[in-house]
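The next block holds one structure in the form of structure tokens; read it before the comments.
As structure tokens, then:
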């Protein structure tokens, strides 16, 4: 088994923190079928809250890095630093329908050396909050 790098540890810590909230919110979705706004509003709020948690945790760990977020788009792009690519609730439809197959996805993309845009994705992590499984790869 490969040693886990500091970068993967940062990603996993952020994913677990956001995952705890998603796990709690997932348990509430079935009770929302009778609410006036319905479950989709709740799921949207859960998605945004998870994104905010991931943003806050990763920003603290790597303050100079930019973000490409599923909900909020590109934030603080820095062409000289890597950026985080985040889907805070990958499998929204499953979450909405009470199916426990959803995950948090985080990737790190390096800038091109010549400054002309974005290059390779060099690390990725998927965390499944319900089963507490983490999958990762790093170049």
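Numbering (our numbering), first residue to last: 1004 to 1142.
For every residue, glycine included, the Cβ atom is placed at its ideal position computed from N, Cα and C.
In whole angstroms, give me the CA-to-CA distance for residue i and residue j.
i	j	result
residue 1123	residue 1086	11 Å
residue 1014	residue 1061	7 Å
residue 1142	residue 1130	18 Å
residue 1047	residue 1108	17 Å
residue 1049	residue 1026	10 Å
How would you call residue i, buried or exposed, if buried means at least 16 neighbouring beta carbons within 10 angstroms?
i	result
residue 1134	exposed
residue 1117	exposed
residue 1028	buried
residue 1031	exposed
Along the chain, where does the alpha helix (DSSP H) containing residue i start, and where does it finish?
i	result
residue 1099	1095-1099
Could you work out which residue in the options is closest to residue i when comparing CA atoms only?
i	options	result
residue 1063	1030, 1017 and 1077	1017
residue 1082	1136, 1142, 1141 and 1114	1114
residue 1010	1126, 1138 and 1132	1126
residue 1056	1077, 1066, 1084 and 1019	1019
- Message: Taking 8 Å as the cut-off, does the stretch 1100-1107 touch the stretch 1063-1073 (at least 3 CB pairs, one atom from each stretch)?
- Response: A contact between stretches requires three or more CB pairs, one per stretch, nearer than 8 Å, and the stretch 1063-1073 fails this requirement with the stretch 1100-1107.
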